[in-house]
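Numbering (the working numbering), first residue to last: 1099 to 1436. C-beta: ideal position from N, C-alpha, C; glycine also. Below: the structure, in structure tokens.
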């Protein structure tokens, strides 16, 4: 036997125990030539309950008393490391250069937004900002029922059905600003999803810092940031693992000069960013966070909203337009559920 895991998950097991129910676990077994496992021994509190039952035993039961001290230890809520509560703390460093692959846990606020009922599909990137709320682009969630949206926290490998430490969470409420009505303008392209149940922060699931009113607006010229997601690569292929790119924030007038066709979309509530290596967020990265370092913490400055297309792919030689989160702090604070 390799190990035991909580079923369906640790959070629900603890909730069941607190409500007087019982916990359930499942075991992952090593390869054994297709032979059914046989029970060898069961002990509880150092008391031998049974031994060498075999593969097909005659079933029997035994009531076992459990010391209250043990029960109180079981129901005690696991201790959460205090640094997990701190926002914007990066995990492991990436090791691959050029459209950098994000290592698991590097950006623990990074999560995938899925849509569907009988089958669910990836649609956008979301970022954890509290134990009950994630943030994304309004165009990813506008006019969609909460019952059909799911957030996959701690997700990394899209080809794996399950990953240790990842959690699929249902949504209870979908929120977009009143000025957003499905229009393509990126200046109000921000949305919040309220999760049905609070999440626990772990090494793979932690919050991103929101922009603060104390930080300068507009962005400093030449400021660099990072954007990560599971969007298409430069060849138009889906990516299995999230990638991150470094981008430089540019003044609005410079953005308008280079992107004349998009000048109607560039407003005082947008941010432009790009790089000279024709790398950047592409289709499938919508809703992802443009993050910058402030006081050794990653802070959310923008949300991936609009990029110029080139045929059926995105034109990474141009800047990408982001919704400026700093212009929506009041609305976010009024609607975030902590």
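Exercise. Counting pairs of Cβ atoms below 8 Å between the segment 1295–1314 and the segment 1344–1363, do you hit three or more?
Worked result: no
Exercise. Alpha carbon to alpha carbon, what distance is there between residue 1185 and residue 1295?
Worked result: 20 Å
Exercise. Going straight from the alpha carbon of residue 1418 to that of residue 1402, what length do you get?
Worked result: 7 Å
Exercise. In chain order, which alpha helix (DSSP H) runs of at least 4 residues are fully inside the segment 1216–1249?
Worked result: 1236–1239
Exercise. Roughly how many whole angstroms lie between the Cα atoms of residue 1187 and residue 1392?
Worked result: 11 Å
Problem set entry | Spatially closest choice to residue 1202 from 1242, 1251, 1285, by CA coordinates | 1251
Exercise. If you check the beta carbons only, do residue 1247 and residue 1211 fall under 8 Å apart?
Worked result: yes
For this session: May I ask you to report which of helix, strand or coil DSSP gives residue 1425?
Result: helix
For this session: Just the C-alpha distance for residue 1432 and residue 1148, rounded to the nearest angstrom, thanks.
Result: 58 Å
Exercise. Can the beta-carbon of residue 1399 be found less than 8 Å from the beta-carbon of residue 1388?
Worked result: yes
Problem set entry | DSSP three-state assignment for residue 1352, whether helix, strand or coil | helix
Problem set entry | Own chain, CB closer than 8 Å to residue 1397, minus 5 neighbours either side, in chain order | 1186, 1306, 1307, 1308, 1309, 1310, 1313, 1389, 1390, 1391
For this session: Rounded to whole angstroms, what's the CA-CA distance from residue 1267 to residue 1231? Just pull it up for me.
Result: 11 Å
Problem set entry | N-terminal and C-terminal residue of the beta strand (DSSP E) that residue 1327 is part of | 1322–1327
Problem set entry | Where residue 1358 sits in the DSSP three-state scheme | helix
Exercise. With a Cβ-Cβ cutoff of 8 Å, do residue 1322 and residue 1350 count as a contact?
Worked result: no
Exercise. CB-CB under 7 Å to residue 1183, same chain, minus the five flanking residues each way: which ones, in chain order?
Worked result: 1299
Exercise. So, is residue 1426 buried or exposed, given that buried needs 16 or more other C-beta atoms within 10 angstroms?
Worked result: buried
Exercise. Using a Cβ-Cβ cut-off of 7 Å (strictly less than) and excluding sequence neighbours within five positions of residue 1326, which residues of its own chain qualify?
Worked result: 1200, 1205, 1208, 1340, 1341, 1342, 1386
For this session: Pull up the CB-CB distance for residue 1355 and residue 1289, whole angstroms please, since I reckon it's below 8 Å.
Result: Contact doesn't hold; Cβ gap of about 30 Å is too wide.
For this session: Let me know the secondary structure DSSP gives residue 1416 once reduced to three states.
Result: coil
Exercise. To which residues of the same chain is residue 1348 closer than 8 Å at the C-beta, ignoring the five residues directly before and after it?
Worked result: 1319, 1370, 1371, 1372, 1417
For this session: Would you mind reading off the limits of the beta strand (DSSP E) that contains residue 1272?
Result: 1265–1273
Problem set entry | Endpoints, beta strand (DSSP E) assigned at residue 1368 | 1368–1372
For this session: Out of 1270, 1265, 1330, state which residue places its alpha-carbon closest to the alpha-carbon of residue 1297.
Result: 1265
Exercise. Where residue 1242 and residue 1424 are concerned, what is the direct C-alpha to C-alpha distance, given to the nearest angstrom?
Worked result: 25 Å
Problem set entry | Bounding residues of the beta strand (DSSP E) (the contiguous stretch that carries residue 1389) | 1387–1392
Exercise. In this structure, does DSSP put residue 1430 in helix, strand or coil?
Worked result: helix
For this session: Whole angstroms is fine: what's the gap from residue 1226's alpha carbon to residue 1336's?
Result: 23 Å
Exercise. Under 8 Å, do residue 1224 and residue 1291 count as touching if we go by C-beta distance?
Worked result: yes
Exercise. Among 1256, 1271, 1421, which one has its Cα closest to the Cα of residue 1285?
Worked result: 1421
For this session: Measuring alpha carbon to alpha carbon, tell me which of 1368, 1237, 1213, 1328 ends up nearest residue 1279.
Result: 1237
For this session: Taking residue 1244 and residue 1270 to be in contact with their CB atoms under 8 Å, please state how far apart those CB atoms are, rounded to whole angstroms.
Result: 6 Å
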